[in-house]
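Visitor: For the sequence shown, the working numbering assigns the number 378 to the initial residue and increments by one for each residue that follows.
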Amino acid sequence: MLNLTKSEKLFAEAKQLMPGGVNSPVRAFLSVGGTPPFIKKGEGAIITDEDGNRYVDFCNSWGPLIFGHAHPAILNAIREAAENGTSFGTPCQYEVELARLIVTRVKHIDMIRFVNSGTEAVMSALRLARAFTGRDKIVKFEGCYHGHSDMMLVNAGSGLATFGISSSLGVPSETARNTAVLPLDDETTVTQFMEKHGKDIAAIAIEPIPANNGLLIQRLEFLKTLRSLCDRFGTVLIFDEVISGFRVQFDGAAGYYGIFPDLVTYGKIIGGGLPVGAYAGRRDLMKMVAPVGKMYQAGTLSGNPLAMAAGIAQLDMLKDGSVYRSLEEKGRHLEEALSAIVRKHNYPITLSRFGSIFWLCFDRKAVRRASDIDPTTMTHYKTMHRFMMENGVYLAPSGYEVGFLSDAHTHEHLDTTVALMARVWKDIF
Ligand SMILES: *Cc1c(COP(=O)(O)O)cnc(C)c1O
């Protein structure tokens with residue numbers, strides 16, 4: 378049994394001080410049960426908790442740490458920046474460097490604005506799309522997560538092709554009614570919807586590689602349809618690349634698929650583990666942002682020198698593309714080893730993978746829609762999660778969350794993980 382004495386003590390106190398003891402709900406371990414380990418230290422692929430337990434980490438802070446924990450180049454960049462002061466509220470050279478690094482390499486963006494989180498990035502991009510089109514309504518897809526701004530905390534209403542209802546208390550129903558939630562992987566529904574409402578729709582927003590509710594890899598045809606519908610109805614296409622940007626390749630899912638959005642949102646990787654987000658896109662759109670244009674958006678700590686420095690250090694190591702080849706190789710290694718076990722025993726498990734993003738689905742086929750995930754299989758995930766943790770592997774504490782490989786994972790880490798999964802699957806089935 379894992380000794381979590383110190384984590385248990387901290388968690389008990391944390392619950393008195395912060396709702397659920399956490400600052401982001403999934404960390405409370407409600408889906409898998411038990412006490413979350415309080416992490417004290419990370420190095421490469423390994424995290425260590427307050428009780429000294431060590432885990433191979435496949436959460437990687439939910440995606441930002443593509444080089445693993447405490448990479449020396451990133452730590453040095455932060456240290457160097459911090460020596461000169463932590464924030465000025467004035468322009469600084471780091472902002473220009475990070476903007477240049479991104480804008481000169483990502484063909485479909487002309488300008489960028491940095492913010493402090495993915496939530497802020499998406500919220501601002503939606504406002505910009507509304508400012509640009511003079512329309513209020515937006516479309517999102519069931520199973521995509523875009524942060525917690527009011528416009529995005531919306532569920533599908535009853536029946537297809539209706540505007541939504543809020544998925545959280547505190548979201549005004551007038552706001553929810555401006556967001557339509559449609560199914561992924563379904564050209565017919567989105568086409569019919571746009572034919573009816575297209576002239577009122579400011580933006581279609583999608584995670585081009587949906588990775589927040591399982592890994593629901595979309596068909597190229599579906600993404601192409603969104604692009605052509607946006608062209609036809611003068612709607613802004615927003616790719617939310619907070620996870621996929623700089624992870625699948627430097628220019629993200631847009632570059633991979635060759636489908637280019639009007640606006641893109643970033644977060645996670647661009648901050649090198651510090652809090653950063655950004656929205657970016659075509660010059661005519663970005664020129665509507667204050668102080669040049671009339672769409673207002675601001676931030677006290679936006680473009681923070683430490684966060685910019687960490688982002689520069691990380692993107693600098695990504696820009697030649699070699700890391701993506703090595704991550705793909707590791708991803709394939711993991712996939713082949715796990716798939717061989719699944720085939721041999723005919724387990725009802727499918728590994729979805731896109732480069733260094735992976736998701737274990739307890740089903741015989743890959744799913745592309747949120748509604749195709751069978752919630753009863755989450756008990757299997759819970760069993761697996763507990764077993765893996767007790768044996769030194771940290772998976773995200775929910776079966777709806779994906780895993781992330783980092784450059785710090787070795788074949789040995791992966792092989793240990795595969796061997797443990799084989800053991801627990803045998804117990805489960
Ligand atoms: C994580 C995430 C967000 C929200 O970013 P935060 O920094 O947590 O606010 C938005 N969109 C996608 C696709 C994400 O994965």
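Ideal Cβ placement from N, Cα and C applies to all residues, glycine included.
Is residue 642 near ligand 1 - that is, is its Cβ less than 8 angstroms away from at least one heavy atom of it?
Guide: Taking the first residue of the sequence shown as position 1, residue 642 is located at position 265. Indeed, a heavy atom of ligand 1 lies less than 8 angstroms from the Cβ.
Visitor: Are residue 816 and residue 487 close, meaning C-beta to C-beta below 9 angstroms?
Guide: Lying before the first or after the last residue shown, residue 816 is absent from the chain, which here runs from 378 to 806.
Visitor: May I ask which residues mark the beginning and end of the alpha helix (DSSP H) holding residue 551?
Guide: As a position in the sequence shown, residue 551 is number 174, starting the count at 1. If you look at residue 551, you'll find it in the alpha helix (DSSP H) that goes 550-553.
Visitor: Can you list, in chain order, the residues of its chain whose CB lies under 7 angstroms from that of residue 725, leaving out five sequence neighbours each side?
Guide: Walking along the sequence shown from the start, residue 725 turns up at place 348. Only 739, 740 and 741 meet the Cβ criterion.
Visitor: Are the CB atoms of residue 527 and residue 502 within a distance shorter than 9 angstroms?
Guide: Within the sequence shown, the letter at position 125 stands for residue 502. Within the sequence shown, the letter at position 150 stands for residue 527. No, Cβ-Cβ distance for residue 502 and residue 527 is not below 9 angstroms.
Visitor: Inspect the CB distances between the segment 480-499 and the segment 700-714 and report whether three or more fall short of 8 angstroms.
Guide: Short answer: they don't touch.
Visitor: Check the C-beta distance from residue 419 over to residue 448 and give it rounded, since I have them as a contact under 8 angstroms.
Guide: Start at 1 with the first residue of the sequence shown, and residue 419 comes out as number 42. Start at 1 with the first residue of the sequence shown, and residue 448 comes out as number 71. Contact flag wrong, Cβ pair sits at about 10 angstroms.
Visitor: Do you know how far the Cα of residue 659 is from the Cα of residue 642?
Guide: The sequence position of residue 642 within the sequence shown is 265, counting from 1. The sequence position of residue 659 within the sequence shown is 282, counting from 1. Roughly 12 angstroms separates the two Cα atoms.
Visitor: Nearer than 8 angstroms: is that true of the beta carbon of residue 469 relative to any heavy atom of ligand 1?
Guide: Here residue 469 corresponds to residue number 92 of the sequence shown, with the count starting at 1. Flag unset: Cβ of residue 469 not near ligand 1.
Visitor: Does residue 382 come out as helix, strand or coil in the three-state DSSP assignment?
Guide: If you number the sequence shown from 1, residue 382 lands on position 5. Note: residue 382 maps to helix in three-state DSSP.
Visitor: Confirm, please, whether the CB-CB distance from residue 473 to residue 657 is below 9 angstroms.
Guide: Locating residue 657 in the sequence shown gives position 280, where the first residue counts as 1. Locating residue 473 in the sequence shown gives position 96, where the first residue counts as 1. No, they are not a contact pair.
Visitor: Excluding sequence positions up to five away, which residues of its chain have a Cβ less than 6 angstroms from the Cβ of residue 588?
Guide: Numbered from 1 along the sequence shown, position 211 holds the residue referred to as residue 588. Excluding sequence neighbours, residue 588 sits near 620, 734 and 779.
Visitor: With H, G and I counted as helix, E and B as strand and the rest as coil, what does DSSP make of residue 604?
Guide: Reading the sequence shown from its first residue, position 227 is the one you call residue 604. Residue 604: helix per DSSP, three-state reduction.
Visitor: Write down the C-beta distance between residue 612 and residue 655 rounded to the nearest angstrom, noting that I regard them as a contact closer than 8 angstroms.
Guide: If you number the sequence shown from 1, residue 612 lands on position 235. If you number the sequence shown from 1, residue 655 lands on position 278. Incorrect: roughly 22 angstroms between the Cβ atoms, too far for contact.
Visitor: Take the Cβ of residue 653 as the centre, count every other Cβ of all protein chains shown within 10 Å, and call the residue buried at 16 or more, exposed below.
Guide: Position 276 of the sequence shown, counted from the start, is the residue given in the question as residue 653. Flag for residue 653 reads buried.
Visitor: Give the list of continuous beta strand (DSSP E) stretches no shorter than 3 residues that lie fully inside the segment 697-724.
Guide: Fully enclosed beta strand (DSSP E) runs of no fewer than 3 residues are not present anywhere in the segment 697-724.
Visitor: Check the C-beta distance from residue 532 over to residue 558 and give it rounded, since I have them as a contact under 8 angstroms.
Guide: Taking the first residue of the sequence shown as position 1, residue 532 is located at position 155. Taking the first residue of the sequence shown as position 1, residue 558 is located at position 181. Approximately 6 angstroms separates the beta-carbon atoms of residue 532 and residue 558; this is inside 8 angstroms, confirming the contact.
Visitor: Among residues of its own chain, excluding the 5 on either side of residue 537, which ones have a beta-carbon nearer than 7 angstroms to its beta-carbon?
Guide: Counting from one through the sequence shown, the residue named residue 537 turns up at place 160. Bear in mind that a pLDDT of 49 at residue 537, under 50, signals an unreliable position, so the number given afterwards is only what the model happens to contain. Only 566 meet the Cβ criterion.
Visitor: Check for me: the alpha helix (DSSP H) holding residue 334 runs from which residue to which?
Guide: One cannot answer for residue 334 here, as it falls past the ends of the chain, which runs 378 to 806.
Visitor: Is residue 744 closer than 9 angstroms to residue 593 when the C-beta atoms are compared?
Guide: Numbered from its first residue, the sequence shown carries residue 593 at position 216. Numbered from its first residue, the sequence shown carries residue 744 at position 367. In contact: residue 593 and residue 744 (Cβ atoms closer than 9 angstroms).
Visitor: Are the beta-carbon atoms of residue 615 and residue 597 separated by less than 9 angstroms?
Guide: Within the sequence shown, the letter at position 238 stands for residue 615. Within the sequence shown, the letter at position 220 stands for residue 597. No, Cβ-Cβ distance for residue 615 and residue 597 is not below 9 angstroms.
Visitor: What residues match up with residue 576 in a beta bridge as DSSP calls it?
Guide: Here the question's residue 576 lines up with position 199 in the sequence shown. Answer by DSSP bridge pairing: none, since residue 576 is not bridged.
Visitor: So the alpha helix (DSSP H) residue 689 belongs to, where does it begin and stop?
Guide: Residue numbering aside, residue 689 sits at position 312 when the sequence shown is read from its first letter. Counting along the chain, the alpha helix (DSSP H) containing residue 689 begins and ends at 682-695.
Visitor: Straight-line CA distance for residue 626 to residue 393?
Guide: Here residue 626 refers to the residue found at position 249 when the sequence shown is read from its first residue. Here residue 393 refers to the residue found at position 16 when the sequence shown is read from its first residue. Near 43 angstroms, if we compare the C-alpha coordinates of residue 393 and residue 626.
Visitor: If you measure from the CB of residue 439, is any heavy atom of ligand 1 nearer than 8 angstroms?
Guide: Locating residue 439 in the sequence shown gives position 62, where the first residue counts as 1. Yes, ligand 1 has a heavy atom inside 8 angstroms of this Cβ.
Visitor: In this structure, how does DSSP classify residue 564 when only helix, strand and coil are distinguished?
Guide: If you number the sequence shown from 1, residue 564 lands on position 187. Helix, per DSSP.
Visitor: I'd like the ranges of any beta strand (DSSP E) spanning at least 3 consecutive residues and lying wholly in the segment 607-667.
Guide: 613-617, 640-643 and 654-658
Visitor: Locate the alpha helix (DSSP H) running through residue 495, then write down its first and last residues.
Guide: For the purposes of this step, residue 495 is taken as the residue at position 118 of the sequence shown. First-last of the alpha helix (DSSP H) with residue 495: 495-510.
Visitor: Residue 583 and residue 603 look like a contact to me (Cβ under 8 angstroms); what is the Cβ gap, rounded to whole Å?
Guide: Here the question's residue 583 lines up with position 206 in the sequence shown. Here the question's residue 603 lines up with position 226 in the sequence shown. About 6 angstroms separates the Cβ atoms of residue 583 and residue 603, confirming a contact at the 8 angstroms cut-off.
Visitor: Does DSSP classify residue 790 as helix, strand or coil?
Guide: The sequence position of residue 790 within the sequence shown is 413, counting from 1. In the structure shown, residue 790 sits in a helix (DSSP, three-state: H, G or I).
Visitor: Mark residue 618 as exposed unless 16 or more other C-beta atoms lie within 10 angstroms of its C-beta, in which case mark it buried.
Guide: Residue numbering aside, residue 618 sits at position 241 when the sequence shown is read from its first letter. Label assigned to residue 618: buried.
Visitor: So, for residue 802: in the same chain, excluding its five sequence neighbours on each side, which residues have a beta-carbon less than 6 angstroms away from its beta-carbon?
Guide: Mapped onto the sequence shown, residue 802 falls at position 425. Answer for residue 802: 724, listed in chain order.
Visitor: Name the DSSP bridge partner or partners of residue 446?
Guide: Taking the first residue of the sequence shown as position 1, residue 446 is located at position 69. Partner(s): 421.
Visitor: Please indicate yes or no: does the CB of residue 613 lie closer than 8 angstroms to some heavy atom of ligand 1?
Guide: Counting from one through the sequence shown, the residue named residue 613 turns up at place 236. No - ligand 1 has no heavy atom lying nearer than 8 angstroms to the Cβ of residue 613.
Visitor: Which residue from 689, 800, 544 and 435 puts its Cα closest to that of residue 519?
Guide: In the sequence shown, residue 519 corresponds to position 142, counting from 1. When only C-alpha atoms are compared, the closest one is 544.
Visitor: Compare the C-beta of residue 669 against all C-beta atoms of chain D and say whether one is closer than 9 angstroms.
Guide: Chain labels in this structure do not include chain D; a single protein chain is all it has.
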